[in-house]
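Novice: Just dropping this structure here.
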Amino acid sequence: MRWFPKGYGGERRDAEQVKREGWHEHGLLVVSAEDQRLTWPERELVRQLGAKLYGKRDCQEVHHA
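Numbering (numbering that gives the first Met the number 0), first residue to last: 0 to 64.
Shown next, in the form of structure tokens:
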């Protein structure tokens, strides 16, 4: 049996699980401005917060699968 340090080997967590744990453990929020689970006003708020904190994006029209 081989021993692997934490984060190496074993099962890989899916992106949503990483985001959820980041929020619960560290208060970090990772959200796409195109997340269809959000309403239009919520997506617009995310865009505005991103622009305020990090500046405007070069390409505003990005659609993720």
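Ideal Cβ positions, reconstructed from N, Cα and C, are used throughout, including at glycine.
I'd like to check one pair, Glu-33 with Arg-42: are the Cβ atoms closer than 8 angstroms?
Specialist: yes
Novice: If you run the structure through DSSP and keep just helix, strand and coil, what is Leu-28?
Specialist: coil
Novice: Between the alpha carbons of Phe-3 and Thr-38, how many angstroms are there, rounded?
Specialist: Roughly 42 angstroms between the two C-alpha positions.
Novice: Beta carbon of Gly-21, beta carbon of Val-29: below 8 angstroms?
Specialist: yes
Novice: State the start and end residues of the unbroken alpha helix (DSSP H) segment that holds Gln-47.
Specialist: 39 to 53 is the extent of the alpha helix (DSSP H) around Gln-47.
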